[in-house]
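Visitor: Below: one structure in structure tokens.
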Amino acid sequence: VNDLASSEEEIDFSPKVAFIIDDLGYETEVAKKIIELEFPIALSILPFLQHSEFIAEEGRKNNQEIMLHLPMEPNNSDADPGPGAIKSYMSEEEIRQAVRDCLLNFPYIVGVNNHMGSKITENREIMEIVLEEIKGYNLFFIDSITTKDSIAYEVAQEMEIKSAVRSVFLDNENDMEYIKGQMLEVQETALREGEVIAIGHSRINTFYVLKRMVPELI
2 VNDLASSEEE IDFSPKVAFI IDDLGYETEV AKKIIELEFP IALSILPFLQ
52 HSEFIAEEGR KNNQEIMLHL PMEPNNSDAD PGPGAIKSYM SEEEIRQAVR
102 DCLLNFPYIV GVNNHMGSKI TENREIMEIV LEEIKGYNLF FIDSITTKDS
152 IAYEVAQEME IKSAVRSVFL DNENDMEYIK GQMLEVQETA LREGEVIAIG
202 HSRINTFYVL KRMVPELI
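One point on numbering: in our numbering, the residue at position 77 of the sequence shown is 78, and numbering is uninterrupted.
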């Protein structure tokens, strides 16, 4: 993923694909299978969960990129982003401390993407604070685009932070045929645009499709 996040225009004519698996930290059974895939996968781990640190350690052993899946407040007040979340009512110092606490919860973090966060990624003032902390740790940022009105990537670029945006969600439907169709969309997007960032989740159907189709696409 780090190769696709950029703070400046780069000329490279070979298609590039990066896969990020979100929401890791709740369980280990599927996570272990994903970690052991024989191609690069970025593991985006939620902080303060039972298995967060274990997955970071195992991912590192298997030379996979480790990312923080930073929980942020969504517009839907009924949705719970989980522990450590950035909330819109927080003071500047509370936001900074929350980001730092999440970044220090498990080791080897090279980048960050947002978990939920539609309310936060639409707010320039808060995103500037969050991204200042991320920049201070020399990490890249991927905007998961959980709202069409997100300005997170725009702000990151203005702040000269290595950054990129999610192109395709693989498994909005937890159905193998749907996920296969999304993998074809990944291939078409890569050929059309030169690069693509695809985000999936720690689910057995997603694992099976990745294991079968990625080697065919590479």
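Each residue gets a CB set at the ideal place from its N, CA and C atoms; glycine is no exception.
#1: N206 lies in the alpha helix (DSSP H); which residues open and close that run?
#2: Taking three-plus beta-carbon pairs below 8 Å as touching, is the segment 134-150 in contact with the segment 83-95?
#3: Taking the alpha-carbon positions, what's the E186 to K62 distance?
#4: Is the distance from the Cβ of L50 to the Cβ of M68 below 9 Å?
#5: Specify whether the segment 108-119 and the segment 142-155 touch according to this definition: at least 3 beta carbon pairs, one from each stretch, less than 8 Å apart.
#6: In the DSSP assignment, the beta strand (DSSP E) including I67 goes from what residue to what residue?
#7: Could you give the uninterrupted runs of the alpha helix (DSSP H) lying entirely in the segment 89-167, keeping only those of 4 residues or more?
#8: In three-state DSSP terms, what is F20?
#9: With DSSP run on the structure shown, which of helix, strand or coil describes I56?
Guide: From the atom records:
#1: Counting from 1 along the sequence shown, the entry for residue 206 is found at position 205. For N206, the enclosing alpha helix (DSSP H) stretches over residues 205-218.
#2: No, the segment 134-150 does not touch the segment 83-95.
#3: Position 185 of the sequence shown holds residue 186. Position 61 of the sequence shown holds residue 62. In this structure, the straight-line span from the alpha carbon of E186 to that of K62 is close to 31 Å.
#4: The count along the sequence shown starts at 1 and reaches residue 50 at position 49. The count along the sequence shown starts at 1 and reaches residue 68 at position 67. Remark: C-beta atoms of L50 and M68 do not approach each other more closely than 9 Å.
#5: With a cut-off of 8 Å, the segment 142-155 and the segment 108-119 count as touching, because enough Cβ pairs lie within range.
#6: Locating residue 67 in the sequence shown gives position 66, where the first residue counts as 1. Under the DSSP assignment, I67 falls in the beta strand (DSSP E) whose first and last residues are 67-73.
#7: Entirely contained in the segment 89-167, the alpha helix (DSSP H) runs reaching 4 residues are, in chain order, 93-104, 119-122, 125-137, 153-159.
#8: The residue labelled residue 20 in the question sits at position 19 within the sequence shown. In this structure, F20 counts as strand in the three-state DSSP scheme.
#9: Taking the sequence shown and counting its residues from 1, the one referred to as residue 56 is at position 55. Note: I56 maps to helix in three-state DSSP.
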